[in-house]
Amino acid sequence: MILFRQYFRIHGSGLVSWSGINGLMAWALAATSKPMESGNALGGFMLKLAEKVPPGLRGLFGVAPGLSAIDSLVQAKIGFWMAIALPIYASLLAVSSVGAEVDRRTADFLLALPVGRQQVIISRWWVMVLNSAILALVTWSALCGGLAFYGVSGKYQGYFWVIAEAWLLGVAVGSMAMLVSLRVGDYGQAVKGSLAGAGALWAVDFGMQVASVPRIARAWNPFSYFDPFNILVRGGLLLGDVLVLIFMSQAMLWLSVVTFESKQVET
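Quick note on the working numbering: the sequence shown kicks off at -7 and runs consecutively.
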(Lines of atoms letter the chains of each structure in order from A and count residues from 1; the text may use other names and numbers.)
(Lines give C-alpha, C1' and ligand atoms only; values in the text may rest on other atoms or scores of the structure.)
Protein backbone atom coordinates (compact mmCIF):
# COMPACT_ATOMS: atom_id res chain seq x y z
CA MET A 1 0.00 0.00 0.00
CA ILE A 2 2.90 2.38 0.62
CA LEU A 3 4.06 2.11 -2.99
CA PHE A 4 0.49 2.52 -4.20
CA ARG A 5 -0.13 5.67 -2.15
CA GLN A 6 3.24 7.16 -3.08
CA TYR A 7 2.67 6.70 -6.81
CA PHE A 8 -0.94 7.88 -6.54
CA ARG A 9 0.17 11.11 -4.84
CA ILE A 10 2.84 11.74 -7.47
CA HIS A 11 0.23 11.67 -10.24
CA GLY A 12 -2.51 13.42 -8.29
CA SER A 13 -2.09 16.78 -10.02
CA GLY A 14 -2.01 15.13 -13.43
CA LEU A 15 -5.23 13.28 -12.64
CA VAL A 16 -6.91 16.54 -11.62
CA SER A 17 -5.78 18.22 -14.86
CA TRP A 18 -6.90 15.37 -17.11
CA SER A 19 -10.22 15.06 -15.25
CA GLY A 20 -10.82 18.79 -15.55
CA ILE A 21 -10.15 18.82 -19.27
CA ASN A 22 -12.28 15.74 -19.97
CA GLY A 23 -15.06 16.98 -17.72
CA LEU A 24 -15.17 20.35 -19.49
CA MET A 25 -15.21 18.69 -22.91
CA ALA A 26 -18.05 16.37 -21.87
CA TRP A 27 -20.03 19.31 -20.43
CA ALA A 28 -19.42 21.34 -23.60
CA LEU A 29 -20.73 18.46 -25.70
CA ALA A 30 -23.86 18.34 -23.56
CA ALA A 31 -24.31 22.11 -23.86
CA THR A 32 -24.26 21.97 -27.67
CA SER A 33 -26.44 18.86 -28.05
CA LYS A 34 -29.86 20.42 -27.37
CA PRO A 35 -30.51 21.42 -31.02
CA MET A 36 -29.89 17.80 -32.06
CA GLU A 37 -32.66 16.41 -29.86
CA SER A 38 -35.59 17.41 -32.05
CA GLY A 39 -33.83 16.60 -35.32
CA ASN A 40 -33.75 18.88 -38.36
CA ALA A 41 -33.27 18.92 -42.10
CA LEU A 42 -29.50 18.83 -41.72
CA GLY A 43 -29.82 15.72 -39.56
CA GLY A 44 -31.90 14.04 -42.25
CA PHE A 45 -29.36 14.97 -44.90
CA MET A 46 -26.50 13.62 -42.77
CA LEU A 47 -28.40 10.37 -42.21
CA LYS A 48 -28.82 9.87 -45.94
CA LEU A 49 -25.15 10.71 -46.46
CA ALA A 50 -24.07 8.28 -43.74
CA GLU A 51 -25.96 5.47 -45.45
CA LYS A 52 -23.79 5.91 -48.54
CA VAL A 53 -20.40 5.77 -46.84
CA PRO A 54 -18.62 2.64 -45.54
CA PRO A 55 -20.07 1.36 -42.24
CA GLY A 56 -16.77 2.04 -40.49
CA LEU A 57 -17.12 5.76 -41.16
CA ARG A 58 -20.77 6.21 -40.17
CA GLY A 59 -20.14 6.51 -36.46
CA LEU A 60 -17.49 9.15 -37.03
CA PHE A 61 -20.08 11.34 -38.79
CA GLY A 62 -22.17 11.33 -35.62
CA VAL A 63 -25.08 9.80 -37.51
CA ALA A 64 -25.56 6.11 -36.75
CA PRO A 65 -28.67 4.41 -38.18
CA GLY A 66 -30.66 2.80 -35.37
CA LEU A 67 -29.77 5.40 -32.75
CA SER A 68 -31.36 8.72 -31.84
CA ALA A 69 -29.65 11.93 -32.88
CA ILE A 70 -28.37 12.49 -29.33
CA ASP A 71 -27.05 8.95 -28.92
CA SER A 72 -25.39 9.12 -32.34
CA LEU A 73 -23.68 12.37 -31.39
CA VAL A 74 -22.47 11.05 -28.04
CA GLN A 75 -21.12 7.77 -29.41
CA ALA A 76 -19.28 9.67 -32.15
CA LYS A 77 -17.74 12.39 -30.02
CA ILE A 78 -17.26 10.76 -26.61
CA GLY A 79 -16.55 7.34 -28.10
CA PHE A 80 -13.89 8.77 -30.39
CA TRP A 81 -12.29 10.97 -27.74
CA MET A 82 -12.22 8.38 -24.95
CA ALA A 83 -10.81 5.74 -27.29
CA ILE A 84 -7.82 8.06 -27.67
CA ALA A 85 -7.60 9.90 -24.34
CA LEU A 86 -7.79 6.92 -21.98
CA PRO A 87 -5.14 4.80 -23.78
CA ILE A 88 -2.83 7.83 -23.92
CA TYR A 89 -3.34 8.69 -20.26
CA ALA A 90 -2.92 5.08 -19.15
CA SER A 91 0.19 4.69 -21.31
CA LEU A 92 1.83 7.78 -19.80
CA LEU A 93 1.19 6.45 -16.29
CA ALA A 94 2.44 2.99 -17.18
CA VAL A 95 5.63 4.17 -18.89
CA SER A 96 6.55 6.36 -15.92
CA SER A 97 6.03 3.50 -13.44
CA VAL A 98 9.74 2.63 -13.54
CA GLY A 99 11.16 4.62 -16.44
CA ALA A 100 10.66 7.97 -14.74
CA GLU A 101 12.45 6.71 -11.62
CA VAL A 102 15.45 5.66 -13.70
CA ASP A 103 15.39 8.95 -15.60
CA ARG A 104 15.36 10.95 -12.31
CA ARG A 105 18.10 8.73 -10.85
CA THR A 106 15.82 7.70 -7.96
CA ALA A 107 15.48 4.04 -8.92
CA ASP A 108 18.10 3.05 -6.35
CA PHE A 109 15.85 4.35 -3.56
CA LEU A 110 12.87 2.52 -5.02
CA LEU A 111 14.72 -0.78 -5.26
CA ALA A 112 16.16 -0.36 -1.75
CA LEU A 113 12.69 -0.50 -0.20
CA PRO A 114 11.85 -3.75 1.64
CA VAL A 115 9.49 -4.91 -1.10
CA GLY A 116 9.89 -7.21 -4.05
CA ARG A 117 10.08 -5.99 -7.62
CA GLN A 118 6.80 -7.73 -8.32
CA GLN A 119 5.06 -5.50 -5.78
CA VAL A 120 6.53 -2.40 -7.42
CA ILE A 121 5.06 -3.24 -10.81
CA ILE A 122 1.69 -4.46 -9.52
CA SER A 123 1.13 -1.50 -7.20
CA ARG A 124 1.88 0.97 -9.98
CA TRP A 125 -0.26 -0.96 -12.41
CA TRP A 126 -3.16 -0.61 -9.98
CA VAL A 127 -2.60 3.16 -9.81
CA MET A 128 -2.94 3.25 -13.60
CA VAL A 129 -6.15 1.24 -13.35
CA LEU A 130 -7.63 3.42 -10.59
CA ASN A 131 -6.65 6.78 -12.10
CA SER A 132 -8.03 5.75 -15.48
CA ALA A 133 -11.28 4.67 -13.81
CA ILE A 134 -11.57 8.01 -12.01
CA LEU A 135 -10.97 9.86 -15.27
CA ALA A 136 -13.64 7.76 -17.00
CA LEU A 137 -16.13 8.28 -14.18
CA VAL A 138 -15.59 12.05 -14.12
CA THR A 139 -16.16 12.22 -17.88
CA TRP A 140 -19.39 10.22 -17.67
CA SER A 141 -20.65 12.26 -14.71
CA ALA A 142 -19.94 15.55 -16.49
CA LEU A 143 -21.62 14.34 -19.67
CA CYS A 144 -24.77 13.09 -17.95
CA GLY A 145 -24.86 16.05 -15.57
CA GLY A 146 -24.61 18.44 -18.50
CA LEU A 147 -27.32 16.67 -20.49
CA ALA A 148 -29.63 16.69 -17.47
CA PHE A 149 -28.88 20.36 -16.81
CA TYR A 150 -29.82 21.33 -20.36
CA GLY A 151 -32.86 19.05 -20.38
CA VAL A 152 -31.59 16.58 -22.95
CA SER A 153 -32.66 12.95 -22.72
CA GLY A 154 -30.40 10.11 -23.73
CA LYS A 155 -29.19 6.64 -22.84
CA TYR A 156 -27.26 7.66 -19.73
CA GLN A 157 -26.67 4.06 -18.70
CA GLY A 158 -25.52 3.24 -22.22
CA TYR A 159 -23.02 6.11 -22.09
CA PHE A 160 -21.67 4.63 -18.86
CA TRP A 161 -21.00 1.31 -20.58
CA VAL A 162 -19.37 3.03 -23.56
CA ILE A 163 -16.94 4.85 -21.29
CA ALA A 164 -16.44 1.74 -19.13
CA GLU A 165 -15.31 -0.25 -22.17
CA ALA A 166 -13.05 2.65 -23.18
CA TRP A 167 -11.55 2.34 -19.69
CA LEU A 168 -10.90 -1.38 -20.21
CA LEU A 169 -9.32 -0.54 -23.56
CA GLY A 170 -7.13 2.09 -21.88
CA VAL A 171 -5.96 -0.39 -19.25
CA ALA A 172 -5.11 -2.95 -21.93
CA VAL A 173 -3.11 -0.44 -23.99
CA GLY A 174 -1.48 0.97 -20.86
CA SER A 175 -0.42 -2.53 -19.81
CA MET A 176 1.21 -2.98 -23.21
CA ALA A 177 2.98 0.36 -22.75
CA MET A 178 4.30 -0.78 -19.37
CA LEU A 179 5.86 -3.85 -20.95
CA VAL A 180 7.34 -1.76 -23.78
CA SER A 181 8.88 0.70 -21.32
CA LEU A 182 10.53 -2.09 -19.32
CA ARG A 183 12.00 -3.64 -22.44
CA VAL A 184 13.15 -0.39 -24.05
CA GLY A 185 14.75 1.04 -20.92
CA ASP A 186 15.15 4.63 -22.09
CA TYR A 187 12.30 6.71 -20.67
CA GLY A 188 12.04 9.23 -23.51
CA GLN A 189 12.11 6.53 -26.17
CA ALA A 190 9.56 4.48 -24.24
CA VAL A 191 7.14 7.42 -24.09
CA LYS A 192 7.47 8.11 -27.80
CA GLY A 193 7.26 4.43 -28.71
CA SER A 194 4.24 3.73 -26.54
CA LEU A 195 2.25 6.71 -27.78
CA ALA A 196 3.20 6.02 -31.38
CA GLY A 197 2.24 2.38 -30.90
CA ALA A 198 -1.15 3.27 -29.44
CA GLY A 199 -1.81 5.68 -32.30
CA ALA A 200 -0.77 3.08 -34.85
CA LEU A 201 -3.04 0.42 -33.34
CA TRP A 202 -5.98 2.82 -33.45
CA ALA A 203 -5.26 3.91 -37.03
CA VAL A 204 -4.83 0.34 -38.26
CA ASP A 205 -8.08 -0.81 -36.69
CA PHE A 206 -9.96 2.20 -38.02
CA GLY A 207 -8.58 1.64 -41.51
CA MET A 208 -9.56 -2.03 -41.39
CA GLN A 209 -13.08 -1.07 -40.30
CA VAL A 210 -13.40 1.35 -43.21
CA ALA A 211 -12.25 -1.42 -45.53
CA SER A 212 -14.92 -3.70 -43.98
CA VAL A 213 -12.31 -6.23 -42.84
CA PRO A 214 -13.99 -9.02 -40.81
CA ARG A 215 -13.79 -8.72 -37.03
CA ILE A 216 -11.86 -11.98 -36.69
CA ALA A 217 -9.01 -10.51 -38.76
CA ARG A 218 -8.77 -7.61 -36.30
CA ALA A 219 -8.95 -9.73 -33.15
CA TRP A 220 -5.26 -9.17 -32.32
CA ASN A 221 -5.86 -5.43 -31.93
CA PRO A 222 -7.31 -4.22 -28.59
CA PHE A 223 -9.08 -1.33 -30.36
CA SER A 224 -11.23 -3.83 -32.24
CA TYR A 225 -13.00 -4.62 -28.96
CA PHE A 226 -14.30 -1.08 -28.50
CA ASP A 227 -17.50 -0.37 -30.41
CA PRO A 228 -19.63 2.41 -28.87
CA PHE A 229 -22.36 1.99 -31.48
CA ASN A 230 -23.03 -1.65 -30.63
CA ILE A 231 -22.78 -0.94 -26.89
CA LEU A 232 -25.56 1.63 -27.14
CA VAL A 233 -27.69 -0.57 -29.40
CA ARG A 234 -27.57 -3.58 -27.07
CA GLY A 235 -27.56 -1.47 -23.91
CA GLY A 236 -24.51 -3.06 -22.33
CA LEU A 237 -21.13 -4.68 -22.80
CA LEU A 238 -20.44 -7.88 -24.68
CA LEU A 239 -18.93 -10.33 -22.21
CA GLY A 240 -16.52 -11.72 -24.79
CA ASP A 241 -15.02 -8.28 -25.49
CA VAL A 242 -14.64 -7.58 -21.78
CA LEU A 243 -12.92 -10.90 -21.12
CA VAL A 244 -10.49 -10.44 -24.01
CA LEU A 245 -9.47 -6.94 -22.86
CA ILE A 246 -9.00 -8.22 -19.29
CA PHE A 247 -6.94 -11.14 -20.57
CA MET A 248 -4.74 -8.79 -22.61
CA SER A 249 -4.19 -6.57 -19.57
CA GLN A 250 -3.34 -9.47 -17.28
CA ALA A 251 -1.02 -11.08 -19.83
CA MET A 252 0.89 -7.81 -20.32
CA LEU A 253 1.08 -7.30 -16.55
CA TRP A 254 2.49 -10.79 -16.05
CA LEU A 255 5.08 -10.24 -18.79
CA SER A 256 5.98 -6.89 -17.21
CA VAL A 257 6.56 -8.54 -13.83
CA VAL A 258 8.72 -11.24 -15.41
CA THR A 259 10.70 -8.64 -17.37
CA PHE A 260 11.30 -6.40 -14.36
CA GLU A 261 12.33 -9.32 -12.17
CA SER A 262 15.20 -10.13 -14.51
CA LYS A 263 16.03 -6.59 -15.60
CA GLN A 264 19.32 -4.93 -14.68
CA VAL A 265 18.26 -1.45 -13.62
CA GLU A 266 20.94 1.23 -13.95
CA THR A 267 20.79 3.72 -11.08
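Every residue gets a Cβ at the ideal spot worked out from N, C-alpha and C, and that includes glycine.
Spatial neighbours of residue i in its chain, beta-carbon cut-off 8 Å, leaving aside the 5 residues before and after
i    : result
R175 : T251
L229 : W153, A156, E157, I223
G137 : W19, A22
Neighbourhood of residue i by C-beta, 6 Å cutoff - its chain only, sequence neighbours within 5 removed
i     : result
L171  : M244, L247, S248
Y(-1) : R116, V119
V87   : A169, S173, A182, V183, S186
A211  : none
Secondary structure of residue i, DSSP reduced to three states
i     : result
A211  : coil
P79   : helix
L247  : helix
Y217  : helix
V234  : helix
M240  : helix
C69   : First, the amino acid is wrong: residue 69 is Lys here, not Cys. Three-state DSSP puts K69 in a helix.
M(-7) : coil
S115  : helix
Integer-rounded CB distance, given that residue j should sit under 8 Å from residue i
i    : j    : result
A164 : S241 : 5 Å
Q67  : P220 : 4 Å
L135 : Y151 : 6 Å
N123 : L7   : 5 Å
Y81  : W10  : 6 Å
Contact with chain E by residue i, beta-carbon distance below 8 Å
i    : result
L122 : Absent from the structure is chain E; it holds one protein chain and no more.
Own chain, CB closer than 7 Å to residue i, minus 5 neighbours either side, in chain order
i    : result
G185 : V172, V176
V121 : V163
V196 : N213
Check whether the region 128 to 144 touches the region 13 to 26, counting contact only when three or more Cβ pairs, one atom from each stretch, lie closer than 8 Å. yes
Quick test of the definition: if touching needs 3 or more C-beta pairs under 8 Å, does the region -5 to 7 touch the region 105 to 123? yes
Does the region 128 to 135 come close enough to the region 181 to 195 to have 3 or more Cβ pairs within less than 8 Å? Touching, no, given that fewer than three Cβ pairs across the two stretches are closer than 8 Å.
Would you mind listing the alpha helix (DSSP H) stretches within the region 154 to 211 that are 4+ residues and don't spill past its ends, in chain order? 179 to 202
Segments of 3+ residues assigned as beta strand (DSSP E) that fall wholly inside the region -1 to 26: none
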